[in-house]
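For the record, the sequence lines run as chains A and X. Everything in the first sequence is counted per this note's numbering, starting at 1 for the first residue and increasing by one. Everything in the second sequence is counted per this note's numbering, starting at 1001 for the first residue and increasing by one. Built from N, CA and C at the ideal position, the CB exists for glycine as well. In this text the structure is predicted, and so the values were computed from the model without any measurement. What follows is a set of notes on a single structure, which appears directly below.
Protein chains: 2
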Amino acid sequence: MRQFSSGSAESSAIGVVDVARWEQYGLDGTMPFQAMWYTIPPGGSGPRDGHPELELSIVVSGVATVETGGQVTDVPVGAAFLLDSEEPHVIRNRSADVPLVVFSAYWMPLTTEEKAL
Amino acid sequence: MRQFSSGSAESSAIGVVDVARWEQYGLDGTMPFQAMWYTIPPGGSGPRDGHPELELSIVVSGVATVETGGQVTDVPVGAAFLLDSEEPHVIRNRSADVPLVVFSAYWMPLTTEEKAL
């Protein structure tokens, strides 16, 4: 068993967002996805984003306000949201005092070959 | 964007553990892993378990006490633990009053073919 903690992970800043990518754990060939934690401070917002990878996010602290295509959805602690490949999105933390912490797994769209495995 | 909430998910009981498997969301071919939430009530314990799938768990409420091979580790909210294929484990909730809720992703060990993709 290996334990991983966002508090002790190496991280870097993207604007106000603190990002701790799991590449640092050397799990290549172990997991069929990449992973990260990211933290958005109260009142903060991530960049307008979009990428080929699908992204499944689990909120572990605070509430994520997810904007996609004009739709705004609040996702509370313990709930998850799945962004499709190339789906434009912005993640905001509208709380006045609680940091938003999210665990995300992301992966390229599965090929026909991979779906058959 | 799709949102998923453990509170509104269909679940079933395995002993005292409430398990909500993501098969109900029809995501076959979308994600390279299976997923579930499970909830262990205060003072409760999961079964002695072990399975061919690797399992990555994120604690979203409470503290998970993870027993593997005589080692006991407390994993707090927001942290993660990775169980290897066939690694025997027991998950306990030693809190007197806080439910333990865990999100887990699980997948079969990657083949050489998959690692190369």
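- For chain A, the residues of the region 1036 to 1066 of chain X that bring a beta carbon within less than 9 Å of one of its beta carbons are 1037, 1054, 1056, 1058, 1059, 1060, 1061, 1066, in chain order.
- The alpha-carbon of residue 39 (chain A) is positioned some 30 Å away from that of residue 1068 (chain X).
- Rounded to the nearest whole angstrom, the C-alpha separation of residue 1063 (chain X) and residue 61 (chain A) is 14 Å.
- Residue 83 (chain A) and residue 33 (chain A) have their C-alpha atoms some 14 Å from each other.
- Listed by position along chain A, the residues whose Cβ is nearer than 8 Å to that of residue 1100 (chain X) form an empty set, because the closest Cβ is around 11 Å away.
- Contact annotation for residue 1029 (chain X) against chain A: 110, 115 [CB-CB distance below 8 Å, chain order].
- Per DSSP, reduced to three states, the secondary structure at residue 1039 (chain X) is strand.
- The alpha carbon of residue 1043 (chain X) has as its nearest neighbour, out of X:1035, X:1016, X:1020, X:1055, the alpha carbon of X:1016.
- In this structure residue 1089 (chain X) is in contact with residue 1066 (chain X), their Cβ atoms being roughly 6 Å apart against a cut-off of 8 Å.
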